[in-house]
Each structure stands twice: as C-alpha cells, then as structure tokens.
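FYI, in my numbering the residues of the sequence shown are 29 to 731.
All C-beta atoms in this analysis are idealised placements derived from N, C-alpha and C, irrespective of residue type, glycine included.
Fair warning: this is a prediction, and the values are worked out from it, not measured in the lab.
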Amino acid sequence: MKDSILNFLRTHRPKRYDVKSLAKALDMQGSDAYKVLAKAVIALEDETRIIADDKNRYALIEDTPYTTGVLDVKDKGFAFLAIDDSDDDDIYIPKQKLAGAMNRDHVLVKVHASKLGFKKEGEVTRILKRHATTLVGIVIKKRRHHYLLSDDYGRSQEIRIPDDKLAGAKLNDKVATSIIRYPGEQPMAVKVDVILGPVGAPGVDVLSKILKYNIDPVFPEAVTQAATQFGRVTDKHLKNRTDLRHRRIVTIDGDDAKDFDDAVDITETEKGYVLGVHIADVAHYVQEDSILDKEARHRGTSIYLVDRVIPMLPEALSNDLCSLKPGQDRLTLTCEMHIDRKGTLQKTHLYESVIRSMRRLTYHETNLALEGDSDTCKKLGDLTDDLKRLKALAKILYDKRTRDGSIHFETEEPVVTLNEQGEAIAVELRPRGISEGIIEECMLIANQAVARFARQKRWPFIFRIHDVPKEEKLEKLLAMAHGLGFDVPRTELGFNHTALQKLLQEVENTASEKGVNLVMLRSMQKAVYSTDSIGHFGLAFKDYTHFTSPIRRYPDLLVHRLLKQFLFKREPDAKHDAKTARLLPELARHSSARERTAVDLEREVLDMKKAEYMSRYIGKTYTGTISSVTPFGLYVSLPNTVEGLIHISELIDDYYRFNEELLLLIGQNTRKTYRIGDRVKVKLTDVNIFDAEIDFTLIKEAS
Numbered sequence: 029m030k031d032s033i034l035n036f037l038r039t040h041r042p043k044r045y046d047v048k049s050l051a052k053a054l055d056m057q058g059s060d061a062y063k064v065l066a067k068a069v070i071a072l073e074d075e076t077r078i079i080a081d082d083k084n085r086y087a088l089i090e091d092t093p094y095t096t097g098v099l100d101v102k103d104k105g106f107a108f109l110a111i112d113d114s115d116d117d118d119i120y121i122p123k124q125k126l127a128g129a130m131n132r133d134h135v136l137v138k139v140h141a142s143k144l145g146f147k148k149e150g151e152v153t154r155i156l157k158r159h160a161t162t163l164v165g166i167v168i169k170k171r172r173h174h175y176l177l178s179d180d181y182g183r184s185q186e187i188r189i190p191d192d193k194l195a196g197a198k199l200n201d202k203v204a205t206s207i208i209r210y211p212g213e214q215p216m217a218v219k220v221d222v223i224l225g226p227v228g229a230p231g232v233d234v235l236s237k238i239l240k241y242n243i244d245p246v247f248p249e250a251v252t253q254a255a256t257q258f259g260r261v262t263d264k265h266l267k268n269r270t271d272l273r274h275r276r277i278v279t280i281d282g283d284d285a286k287d288f289d290d291a292v293d294i295t296e297t298e299k300g301y302v303l304g305v306h307i308a309d310v311a312h313y314v315q316e317d318s319i320l321d322k323e324a325r326h327r328g329t330s331i332y333l334v335d336r337v338i339p340m341l342p343e344a345l346s347n348d349l350c351s352l353k354p355g356q357d358r359l360t361l362t363c364e365m366h367i368d369r370k371g372t373l374q375k376t377h378l379y380e381s382v383i384r385s386m387r388r389l390t391y392h393e394t395n396l397a398l399e400g401d402s403d404t405c406k407k408l409g410d411l412t413d414d415l416k417r418l419k420a421l422a423k424i425l426y427d428k429r430t431r432d433g434s435i436h437f438e439t440e441e442p443v444v445t446l447n448e449q450g451e452a453i454a455v456e457l458r459p460r461g462i463s464e465g466i467i468e469e470c471m472l473i474a475n476q477a478v479a480r481f482a483r484q485k486r487w488p489f490i491f492r493i494h495d496v497p498k499e500e501k502l503e504k505l506l507a508m509a510h511g512l513g514f515d516v517p518r519t520e521l522g523f524n525h526t527a528l529q530k531l532l533q534e535v536e537n538t539a540s541e542k543g544v545n546l547v548m549l550r551s552m553q554k555a556v557y558s559t560d561s562i563g564h565f566g567l568a569f570k571d572y573t574h575f576t577s578p579i580r581r582y583p584d585l586l587v588h589r590l591l592k593q594f595l596f597k598r599e600p601d602a603k604h605d606a607k608t609a610r611l612l613p614e615l616a617r618h619s620s621a622r623e624r625t626a627v628d629l630e631r632e633v634l635d636m637k638k639a640e641y642m643s644r645y646i647g648k649t650y651t652g653t654i655s656s657v658t659p660f661g662l663y664v665s666l667p668n669t670v671e672g673l674i675h676i677s678e679l680i681d682d683y684y685r686f687n688e689e690l691l692l693l694i695g696q697n698t699r700k701t702y703r704i705g706d707r708v709k710v711k712l713t714d715v716n717i718f719d720a721e722i723d724f725t726l727i728k729e730a731s
C-alpha cells in the first residue's frame, strides 16, 4: 500500500492530496480499505517520506520545503543540519528554532532562504530520534545548585545535576552522565555515571571526547574472554587451504603498527606480474552472530586517536592471532592477480590459504632499500629484488589509474607528538615515501579485483561506492577556478575525470594548488558502503570494495564472510543466502554510519590536540594559506595543517561581502578580495583548546 501511495504522489507531483482524495484516486472503496489506506499514510508520515500541509494534504517530502538530517549544535546554541543521504550544504538553524532538539538528534526541518549570508536556514518542526542518552561535561555550581557544563552545549543549555545524583563528583570534575529529563517545561537534568577525573588530568580530555560519541573504550569482559579461546594454528586448520608457507611473503607497515592484516608477494612473468595479496582470515575466528561478531558489528571500525587506538576486535585477535607476524603460521584469504605490463588485470584467483610471513618490513626500511642503501639491501637479500618488482608494478598500476581518470588529491596528514602528560608538543606532517604508495596500489587492485569478481558472479555483496559529484558543487569549483585564471575544460556530457585531472595539473606548484585541491575535495560526494556496485568516481573504478583490512573494518570482515559463503562453502544453503541478501543493505548503512562517527571523533581529537599545541604560541606570527572563505570570515591553514579563523570583524580596512559563487570576500569600497589559496601573514590571538577554536588576526598578505 505504501508503495502505491508513493508512486501515485510521484506521478502526480507537485499536487497535494488529502486522505479522501487519495482513497478515490487509488480506488480504495469501503471502510476497511479506507482504514488500510489511512494506516499506510500515517506510517509514511512517521517515516517522513510524505509531509502534510496545514490543510492535511500530502506530498512527497522532496516536493515540500522540509528535509531531515542530523543536528550539529554549536556551543553558542545555534546549529547546522547535515541533510540525510546528501552532500548538499548544511542548513543553519538559529538557537531559538531548535524546539528542544539536541546535538546529533535526527530531526525534521522546514527550510527557507537565509538572511544571514548562509544559503539556507531552517527550523526544527519534529524530533525524529534522540541521539543522546549521555552527556559529558564539567561539574559546576551556581545559585546553590550543581549543573553540568556540557561539552556539547557549553553555557547555552542549562543542565541540572540533582544533589542526590552527583555520585561523589566534585566541582571541576569531568563526568559522564545519563539524561534523566530532556529539555521542555523544566530544564534538562542528568545523573552522574562515571567520574573521569579533574579537568586537566592526563588523558581526561581525550576520554571525554570518546564518551561524548557514546563509544566504549573497553571491551565487555565476555568479549575479551571469547577472543582468548582460540589455540594456535595446527594441521587441522589447514584442510582445504593452499599452503603458501614456502613463498617469499612479507608485511610492509608503519614503524608503530601492531596489527598486520595484509601481506604481499610478487613474481615476474613473461607477460607481466603475479601479485599475491594475503589478508588475515578474521572471519575464521569471528563467526557470524557470535559475541565477537556482534561487538565488531556494533563498533564498525577501529578508531585511531592521537594517544590510543580503540580496536574493533580485542587485542588477542587484532594484535596477535589475526596479525600476520613474521615466522608465525597464519590463516589468510589470498587474492592472486595476474597483471600485464600495461596494468590490466587479466585473471583473479581467490582462495583460503596459510602463510608464514618471512619478514616484517617497515615503510622506512623499504624506502631505504629502494633508494639503494647498501646495508639495507644486504640485510634483505633477495627481498630487495621483490621490492623492486613491487615498485615497478605499483608505477604501472598508478599510471593506468591515471589514464583511466583516477583523481590524485594532494592531501597532507598531520602527526601530533605528545609528552608523558599527554600534552601536544609538536604538530608535523607525516612523511610519505615510495613504499606507502606501493602498498596502496597493491591494496587498491586487490579490492578492485574482489569487487569485480563478486559483481560478475552476481552475489549479494558489500561494495565501496563513490558517486559522481553534484553539478551544483562542480559549478562552484568552475567559477572559483575561472576567478583564479584557470580554464576548466568541459565536454558535452559536462565535467568528467579528465577535466578535473587537467585542473589539478594546471594548479600544480602554484599558489592556488592547495586551495583548488581543497575545494575539489569538498565537491566530491562521500564514499559509502552499498549493495549496489555503481563504481568509485574518485578512483575511476567500475567495481570497488574493502577486502584488505578485516581486523579494523567490519565491511572487510563481511566481504570475507561473503567469499566463504558463496565461493568456498562446501554445501549450498538457500535459506542462509536469502537471509544474507535481506540483511546486507542495513549492514552497509550501519557500517557507513559507524565510519562517519569514527572519522568525526578522530578529527575532533586531532583538532583539539592541534589547538593545545598552538596555545603555547599566542602572540606569534605565521604565514599561512586561506583554506576556506565563509560569510563570517577566513579560515587560514598553516604548513603543519593547523587551521584558524580570521573573523570578518577583524578585517577593519573595509566592509567585506561574501561572494558565494566565486568563494571570496570582496571589499565594498576598495574592491580588495580574499580568496582560497591566497597567502597571508597572521598573528595567533586566542585558542579554545577543548573546542579546537583558533583565532588569528590578519597582519598582511604574504609575498
């Protein structure tokens, strides 16, 4: 019934219909049929797929001024709405239009044009789902009562802690609390669950962020115990596995890596190369619907913070039994690929295997060998020749990706160094050598090969997809590029990979390079997990999945499980196959959501530690690059990736207006402009560490 209603409204858009009109149009005669229709209409309204106007006439939500999304409430009380399943610009929500909604609540919003320089503004009309059941903050006291100074809301939301709910917490303690009353006629109230420690104590700042995102940094005891029940690999585990322990297989990872989930080997043939990518067989240990599986599914991914890792699986698995340690027998899934000298994948062989890694190589050690360091080459022996073959193949694969349209963004990854007290004492760029690129190409081709194999077999599967950018965002990029003096070629089909590649080549080694890279990156849609293989725009792959990191990503574990189910299984199970096909779409959505949460937490902690580092240098001057232009000012990025704001009120030489099309500020009288990519000299004036707010004032444009 619901599909019939949706199809009818879709066919007759934008006209609105009340229930009586729908009944007539859909030939729902009689009281029983009318009740069925009315029930379906109510269900669709609850799902926010249709919206009623003030005359109870219904239309599809996309044909109304309403939308749904998740709130990001700022500490001054206003919010931005991230629209569901969309990369459109966030919608500004004034504080007085939140209707009691809180940070990360899922809400229905009525949208209208903004008067404040934002493209769109809105007001919350319904809270669809509360996100927060817990809040983290500082215990304060005023007017003889205790309150929570929330990390999410600051002083914009009054949150009472009844005296009998303090659980021993003292003033200025950082605490995690449960909400016992949401805001309404009475102020919000909470009870203290966990005392994290005094404000400023080592590690409390990061732990506060972790708990703010409702992430448990510790595994339940039962899960930890379950991970220790497995013995060493013995001959009984080798049945139906290909024994690769004689092959020259190695892992190549960072110096500080502990979970080695991928290993490689290579041979050269007359026609090209045979590349073996061997991935830890986590699915052998983490069985479907086991306590380990349920915990991994809930977490979705490992989370990498500046001072700790919150793994998806307990360390007994992630750092030991599933980690491809040198000299240890390990169960693996192997993707063996025959690749010609043009980089074309000719044949893929997927099978269960057992390996014994010959050596644990680091990126640094591999780079030395490839640079010809005699001591390293002597130490590695024949492995040096393998590394040279891997380097040659990686270049072939990279060049083919480039020819096919893969977009190579110039991104910089910061590394924060902490002292023993957990304080940031350095922020530097992570060095990247040839070895990191080699492993990246090996993993990309393996992920592509597995995805292509699954699509050709027409299995129910999990793919990693990246949709084409929206025309509106690319038009902004085009306008900005033209404003900078760069020509963006277009075809009759609009923008394509080649056009974007050409723009990146044109701006390379110019003052605009960083700015154009940033805007183009922001023009891209988010990569997500899906059961539909629509391709990966950024990589220019027709098929792509995540196969290579099952220790730290749940979708990769799912992919391994699907390979076992559909390729390696000994007996068909139609009932189980049907269940899998039914559950996969929701697992894909859940995995995408958990990934977004992890990325948000990682970024928030990283930005906080950057701010902590910068707080030592208030008053110092820097040269940076304008990385973003907004109606309220300029964001400036320093060479070490630290970013701060020059508020528009600091630009006192003129009255500046925001040009949204060209992404610049322009002086009303002087016509002076500030745009992305401009180099400027700034002075650091203020830092809010916990909220990662860094303020600059402009000194002058850099030469």
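Would you kindly report the start and end of the unbroken alpha helix (DSSP H) that includes residue i?
{"i": "Y641", "result": "A602 to M642"}
{"i": "L34", "result": "K30 to T39"}
{"i": "P769", "result": "The question about residue 769 has no answer here: the residues shown for the chain are numbered 29 through 731."}
{"i": "D413", "result": "L411 to D432"}
{"i": "E323", "result": "I319 to R327"}
{"i": "D60", "result": "S59 to D74"}
Starting from residue i, trace the beta strand (DSSP E) both ways and give me its first and last residue.
{"i": "D714", "result": "R707 to N716"}
{"i": "E671", "result": "E671 to H675"}
{"i": "V496", "result": "Per DSSP, V496 belongs to no beta strand (DSSP E) and is neither H nor E."}
{"i": "K237", "result": "Counting along the chain, K237 falls outside any beta strand (DSSP E), though it belongs to the alpha helix (DSSP H) covering V232 to K240."}
{"i": "I178", "result": "The sequence shown places Ser at residue 178, rather than the Ile named in the question. Taken as a continuous stretch (DSSP letters only), the beta strand (DSSP E) holding S178 covers H173 to S178."}
{"i": "G304", "result": "G300 to A308"}
{"i": "I435", "result": "It is not in any beta strand (DSSP E) - I435 carries neither H nor E in the DSSP assignment."}
{"i": "R188", "result": "I187 to I189"}
{"i": "A474", "result": "Segment I462 to K485 is the alpha helix (DSSP H) holding A474; no beta strand (DSSP E) there."}
{"i": "L88", "result": "Y86 to L88"}
Using the Cα positions of residue i and residue j, report the straight-line distance between them to the nearest angstrom.
{"i": "F489", "j": "S236", "result": "37 Å"}
{"i": "I33", "j": "V69", "result": "8 Å"}
{"i": "S402", "j": "N395", "result": "12 Å"}
{"i": "K193", "j": "I168", "result": "14 Å"}
{"i": "L109", "j": "K138", "result": "11 Å"}
{"i": "G282", "j": "A66", "result": "60 Å"}
{"i": "G465", "j": "L349", "result": "27 Å"}
{"i": "S540", "j": "Y683", "result": "25 Å"}
{"i": "D55", "j": "S49", "result": "10 Å"}
{"i": "L712", "j": "G355", "result": "52 Å"}
{"i": "G566", "j": "C405", "result": "36 Å"}
{"i": "N687", "j": "L662", "result": "13 Å"}
{"i": "I277", "j": "L389", "result": "11 Å"}
Leaving out five residues before and five after residue i in sequence, what residues of the same chain have Cβ atoms less than 7 Å from its Cβ?
{"i": "E6", "result": "Nothing can be reported for residue 6: it is not among the residues displayed for the chain, which extend from 29 to 731."}
{"i": "S142", "result": "Y120, K148 and E149"}
{"i": "Y379", "result": "T270 and T362"}
{"i": "L528", "result": "I435 and M548"}
In three-state DSSP terms, what is residue i?
{"i": "E380", "result": "strand"}
{"i": "C363", "result": "strand"}
{"i": "M548", "result": "helix"}
{"i": "N687", "result": "strand"}
{"i": "D335", "result": "coil"}
{"i": "R387", "result": "strand"}
{"i": "S561", "result": "coil"}
{"i": "A255", "result": "coil"}
{"i": "L349", "result": "helix"}
{"i": "Y572", "result": "coil"}
Who pairs with residue i in a beta bridge, going by DSSP?
{"i": "K138", "result": "Y94 and E151"}
{"i": "G661", "result": "T658 and H675"}
{"i": "S206", "result": "T162 and K219"}
{"i": "P354", "result": "S385"}
{"i": "L99", "result": "L109"}
{"i": "F594", "result": "Looking at the DSSP assignment, F594 forms no beta bridge with any residue, so it has no partner."}
Cutting at 8 Å between CB atoms, please list the residues of its own chain near residue i, excluding the five before and the five after it.
{"i": "V547", "result": "K504, L505, M508, L691 and I704"}
{"i": "S178", "result": "L163, V164, G165, Q185 and I187"}
Report whether the distance from the Cβ of residue i to the nearest heavy atom of the ligand ZN is below 7 Å.
{"i": "E149", "result": "Absence of the ligand ZN from the depicted structure is noted, as is the absence of any ligand whatsoever, leaving it without description."}
Skipping 5 residues on each side, what residues in its chain have a beta carbon closer than 6 Å to that of residue i?
{"i": "A482", "result": "F489"}
{"i": "S23", "result": "Only positions 29 to 731 of the chain appear in the structure, and residue 23 is not among them; the question remains open."}
{"i": "M471", "result": "T576"}
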